[in-house]
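Asker: Numbering (the numbering used here), first residue to last: 72 to 176.
Heads up, the beta-carbon is just placed ideally off N, CA and C, and yes, glycines get one too.
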Ligand SMILES: NC(=O)c1ccc[n+]([C@@H]2O[C@H](COP(=O)([O-])OP(=O)(O)OC[C@H]3O[C@@H](n4cnc5c(N)ncnc54)[C@H](OP(=O)(O)O)[C@@H]3O)[C@@H](O)[C@H]2O)c1
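#1: May I have the straight-line CA-CA distance separating residue 95 from residue 118, to the nearest angstrom?
#2: What do you reckon, are the CB atoms on residue 99 and residue 145 nearer than 9 Å?
#3: Given the structure, does residue 153 come close to ligand 1, in the sense that its CB is under 8 Å from one of the ligand's heavy atoms?
#4: When we look at the beta-carbon of residue 157 and count the other beta-carbons within 10 Å, is it buried (16 or more) or exposed?
#5: Let's see if you can read the secondary structure: which residues bound the alpha helix (DSSP H) around residue 136?
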């Protein structure tokens, strides 16, 4: 058993609050996003480790879990946080946008 928590889709909102909370609870937190530069302040603040990954790409997700396991052990907690959505009348939505919603969210 490890004390590792992985947050996929890390940024400055809900995910950052959860990362701080998990750190207070004794977890070592792994943060994953497509652009990890923006996570540097948070990683320093809470002693987290960041990983670049696109959650909509299966190869990225497999690599992410391998890297987290190698560096921090198998995560006990995984939070899936990214989302992307379109709003509008069903008959007017672009099918590509709907597919993206399903892939990411
Ligand atoms: N129920 C509610 O009332 C409510 C209200 C607000 C938010 N939410 C939900 O809470 C979650 C967090 O929202 P938030 O605005 O606070 O976001 P956040 O925690 O600030 O960050 C979300 C992060 O997800 C990352 N992301 C987006 N697409 C990704 C992908 N394909 N692969 C990997 N990472 C990806 C983005 O970074 P990159 O662009 O660098 O990848 C972004 O920084 C969302 O799921 C949102 O729908 C719910």
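Answerer: Concretely, from the data shown:
#1: Against the chain shown, residue 95 aligns to sequence position 24. Against the chain shown, residue 118 aligns to sequence position 47. Straight-line spacing of the CA atoms in residue 95 and residue 118 works out to 11 Å.
#2: In the chain shown, residue 99 corresponds to position 28, counting from 1. In the chain shown, residue 145 corresponds to position 74, counting from 1. No; because the gap between Cβ atoms is not below 9 Å, this pair is not in contact.
#3: Position 82 of the chain shown, counted from the first residue, corresponds to residue 153. Yes - ligand 1 has a heavy atom lying nearer than 8 Å to the Cβ of residue 153.
#4: As a position in the chain shown, residue 157 is number 86, starting the count at 1. Around the beta-carbon of residue 157, fewer than 16 other beta-carbon atoms lie within 10 Å, marking it exposed.
#5: In the chain shown, the residue the question calls residue 136 occupies position 65. Bounds of the alpha helix (DSSP H) holding residue 136 are 129 to 143.
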